[in-house]
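Following: one structure in structure tokens, then a few remarks.
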Amino acid sequence: MRNVYFNHDGSVDDLVSLLLLLQMPDVHLTGVGVVGADSYLEPALAATRKVIDRFGHDTHLKVAVSDSRGVHPFPKEWRLDAFSLDALPILNESGTVVTPVAPKPAHLDLVDKLQTTSEKTTLVMTGPLTDLARALQADPSITAKIEQLYWMGGTFDGRGNVAEPEQDGTTEWNAYWDPQAVKTVWDSDLTIQMVGLESTRQVPLTPAIRQHWATLRQHPAIDFIGQGYALVPALQHFETNSTYFLWDVLTTVASEFPEIVTTKRVTSDVLTEGPGRGRTFETPTGRPVTLVTTVDHDAFFKRIDTLALHADK
1 MRNVYFNHDG SVDDLVSLLL LLQMPDVHLT GVGVVGADSY LEPALAATRK
51 VIDRFGHDTH LKVAVSDSRG VHPFPKEWRL DAFSLDALPI LNESGTVVTP
101 VAPKPAHLDL VDKLQTTSEK TTLVMTGPLT DLARALQADP SITAKIEQLY
151 WMGGTFDGRG NVAEPEQDGT TEWNAYWDPQ AVKTVWDSDL TIQMVGLEST
201 RQVPLTPAIR QHWATLRQHP AIDFIGQGYA LVPALQHFET NSTYFLWDVL
251 TTVASEFPEI VTTKRVTSDV LTEGPGRGRT FETPTGRPVT LVTTVDHDAF
301 FKRIDTLALH ADK
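With the numbering used here, letter number 176 in the sequence shown gets 176, and the count goes up by one each step, no holes.
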């Protein structure tokens with residue numbers, strides 16, 4: 001059994017990742033933190049608690065609320081999806097929310113969970129790294145309690161997904177939200193596996209995938225996945241800066257099933273200033289990171305289905 005702490009930022013992909021983590025038989029989920037980055041915090045928190053209630057197999061968790069704030073906020077239009085997710089009927093059938101809120105903010109909840117868990121903990125983070133950076137600053141000794149960090153963020157191919165003024169287009173959004181947090185984590189001695197944009201482009205949301213999930217909607221978890229992804233734009237004729245890829249789900253599934261990806265070792269650093277701030281870049285003098293390079297597309301989507309069907313049990 002592997003201890004996992006999940007920190008996410010409340011979008012469709014994040015909540016699907018949470019659902020899948022709750023179905024992994026070899027994962028002991030020790031804690032969940034929610035940051036209002038690619039979401040508004042209140043609906044993201046509510047939806048997180050409801051996903052645990054609905055698909056958690058009576059898991060006893062408290063959800064920690066982040067009080068971290070980004071340097072560069074996500075576009076408002078993207079963040080609004082959290083309100084629709086929270087309102088999905090499948091999450092609101094019971095009319096009540098049982099999973100409680102943790103008493104401490106997410107970065108301190110992370111410190112507590114790491115220090116009070118006897119074995120080491122794996123971190124899966126599908127949003128910005130701010131809560132981890134703040135946790136490291138609050139208690140640097142937690143690095144000894146972290147097995148590995150799996151992070152969705154950054155890119156090394158120069159093709160970012162941030163189209164903002166005074167930005168050069170080379171940065172990924174989770175890194176851009178708080179570049180200094182990425183630098184703080186990069187300067188630590190943590191073992192990091194990074195899922196950047198270059199590999200997530202191999203697993204776009206497409207109309208065919210949506211149709212596949214529609215044919216399986218008699219299964220509650222797959223119905224939730226299909227409803228969630230119905231809120232966001234798929235890749236149809238050409239890629240736009242709003243096209244949805246399964247960024248976070250790839251990170252989450254690869255953390256438990258490494259056979260679906262291939263990786264390579266990269267030495268890298270992070271820019272914190274200028275028009276490329278937040279950019280992860282290769283340099284011989286940088287720190288080592290394991291970068292996911294390719295994905296077994298069919299095995300990845302089959303694993304999603306298999307895990308989601310486990311929610312029927």
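Beta carbons are placed, not taken as given, at the ideal position from N, Cα and C, and that holds for glycine.
Query - Between the CA atoms of residue 274 and residue 222 - distance to the nearest angstrom - result: Counting from 1 along the sequence shown, the entry for residue 222 is found at position 222. Counting from 1 along the sequence shown, the entry for residue 274 is found at position 274. The straight-line gap from Cα to Cα measures roughly 43 Å.
Query - Cβ-Cβ distance between residue 263 and residue 283 below 8 Å - result: Looking up residue 263 in the sequence shown gives position 263. Looking up residue 283 in the sequence shown gives position 283. No, Cβ-Cβ distance for residue 263 and residue 283 is not below 8 Å.
Query raised in the report: Span of the beta strand (DSSP E) holding residue 94?
Result: Numbered from 1 along the sequence shown, position 94 holds the residue referred to as residue 94. Here residue 94 belongs to no beta strand (DSSP E), and DSSP marks it neither H nor E.
Report task. Measure the CB-CB distance between residue 128 and residue 9 and report whether it falls below 8 Å. Result -> For the purposes of this step, residue 128 is identified with residue 128 of the sequence shown, where counting begins at 1. For the purposes of this step, residue 9 is identified with residue 9 of the sequence shown, where counting begins at 1. Result yes, Cβ atoms of residue 128 and residue 9 sit closer than 8 Å.
Query raised in the report: Where does the unbroken beta strand (DSSP E) through residue 288 begin, and where does it stop?
Result: Looking up residue 288 in the sequence shown gives position 288. Segment 287 to 295, the beta strand (DSSP E) holding residue 288.
Query raised in the report: What do you get for residue 95, buried or exposed, if any count of 16 or more other CB atoms within 10 angstroms of its CB means buried?
Result: Counting from one through the sequence shown, the residue named residue 95 turns up at place 95. Per the 10 Å Cβ criterion, exposed.
Query - Among 277, 289 and 189, nearest to residue 71 - alpha-carbon criterion - result: Walking along the sequence shown from the start, residue 71 turns up at place 71. Per the Cα distances, 277.
Query raised in the report: When the cut-off is 8 Å and only beta carbons count, does residue 279 lie next to chain D?
Result: Here there is only one protein chain, and chain D is not present.
Query raised in the report: What residues are listed by DSSP as bridge partners for residue 264?
Result: Sequence index remark: in the sequence shown, residue 264 carries index 264 (1-based). The beta-bridge partner set that DSSP reports for residue 264 consists of 291.
Query raised in the report: The beta strand (DSSP E) spanning residue 282 covers which residue range?
Result: For this step, residue 282 is matched to residue 282 along the sequence shown. Residue 282 -> beta strand (DSSP E) spans 280 to 282.
Query raised in the report: When DSSP labels each residue in this structure, what does residue 309 get in the three-state scheme?
Result: Position 309 of the sequence shown, counted from the start, is the residue given in the question as residue 309. Here residue 309 sits in helix by DSSP.
Requested in this report: Quick one: residues in its chain with C-beta nearer than 6 Å to the C-beta of residue 248, no 5 flanking neighbours on either side, listed in chain order?
Outcome: By one-based count along the sequence shown, residue 248 stands at place 248. Taken in chain order, the residues that qualify are 13, 14, 17, 126 and 152.
Query raised in the report: How is residue 197 classed by DSSP in three states: helix, strand or coil?
Result: Looking up residue 197 in the sequence shown gives position 197. If DSSP states are grouped into helix, strand and coil, residue 197 belongs with the helices.
**Report entry** Reduced DSSP category for residue 180 - H, G, I as helix; E, B as strand; rest coil
**Finding:** Mapped onto the sequence shown, residue 180 falls at position 180. It is helical.
Query raised in the report: How long is the line joining the alpha carbons of residue 102 and residue 59, rounded to whole angstroms?
Result: Residue 102 sits at position 102 when you count from the first residue of the sequence shown. Residue 59 sits at position 59 when you count from the first residue of the sequence shown. Between residue 102 and residue 59, the C-alpha separation is close to 15 Å.
Query raised in the report: residue 215: buried (16+ other C-beta within 10 angstroms of its C-beta) or exposed?
Result: Working through the sequence shown from its first residue, we reach residue 215 at position 215. Exposed, since its Cβ has fewer than 16 Cβ neighbours within 10 Å.
Requested in this report: Let me know if residue 54 comes out buried or exposed under the rule of 16 or more other beta-carbons within 10 Å of its beta-carbon.
Outcome: Against the sequence shown, residue 54 aligns to sequence position 54. Classification for residue 54: buried.
**Report entry** Straight-line gap, residue 183 to residue 75 (C-alpha atoms, nearest Å)
**Finding:** Indexing the sequence shown from 1 puts residue 183 at position 183. Indexing the sequence shown from 1 puts residue 75 at position 75. Cα to Cα, the separation comes out at about 23 Å.
**Report entry** DSSP bridge partner residues for residue 146 (one or two, in chain order)
**Finding:** In the sequence shown, the residue the question calls residue 146 occupies position 146. DSSP lists 121 as partners of residue 146.
Query raised in the report: My guess is that residue 145 and residue 104 are in contact by the Cβ rule of under 8 Å, so how many angstroms apart are they, rounded?
Result: As a working mapping, residue 145 is identified with position 145 in the sequence shown. As a working mapping, residue 104 is identified with position 104 in the sequence shown. About 17 Å; that fails the 8 Å criterion.
Report task. Compute the Euclidean distance between the alpha carbons of residue 261 and residue 89, then round it to the nearest angstrom. Result -> In the sequence shown, the residue the question calls residue 261 occupies position 261. In the sequence shown, the residue the question calls residue 89 occupies position 89. Rounded to whole angstroms, residue 261 to residue 89 spans 34 Å at the Cα level.
Query raised in the report: Apart from the five residues just before and just after residue 2, which ones in its own chain have a Cβ nearer than 7 Å to its Cβ?
Result: If you number the sequence shown from 1, residue 2 lands on position 2. Only 26, 27, 28 and 122 meet the Cβ criterion.
Query - DSSP three-state assignment for residue 212, whether helix, strand or coil - result: Here residue 212 is taken as the residue at index 212 of the sequence shown, counted from 1. Note: residue 212 maps to helix in three-state DSSP.
**Report entry** Nearest residue (CA-CA) to residue 124, options 287, 167 and 30
**Finding:** In the sequence shown, counting from the first residue as 1, residue 124 sits at position 124. For residue 124, the nearest C-alpha among the options comes from 30.
Query raised in the report: residue 57: buried (16+ other C-beta within 10 angstroms of its C-beta) or exposed?
Result: Start at 1 with the first residue of the sequence shown, and residue 57 comes out as number 57. Label assigned to residue 57: exposed.
Requested in this report: Quick one: grab the DSSP three-state call for residue 8.
Outcome: Taking the first residue of the sequence shown as 1, we reach residue 8 at position 8. Strand, per DSSP.
Query raised in the report: Taking the alpha carbon of residue 259 as the point to measure from, which residue in 224, 137, 300 and 50 has its own alpha carbon closest?
Result: For the purposes of this step, residue 259 is taken as residue 259 along the sequence shown, with counting starting at 1. Nearest of 224, 137, 300 and 50 to residue 259, Cα basis: 300.
**Report entry** Residue nearest to residue 279 in terms of C-alpha spacing, selected from 180, 204, 225 and 202
**Finding:** Translated into the one-based positions of the sequence shown, residue 279 becomes position 279. Nearest of 180, 204, 225 and 202 to residue 279, Cα basis: 180.
Query raised in the report: Counting along the chain, where does the alpha helix (DSSP H) carrying residue 249 start and finish?
Result: For this step, residue 249 is matched to residue 249 along the sequence shown. 247 to 256 is the extent of the alpha helix (DSSP H) around residue 249.
Query raised in the report: Taking DSSP as the reference, what is the three-state secondary structure of residue 63?
Result: Here residue 63 refers to the residue found at position 63 of the sequence shown. Three-state result, residue 63: strand.
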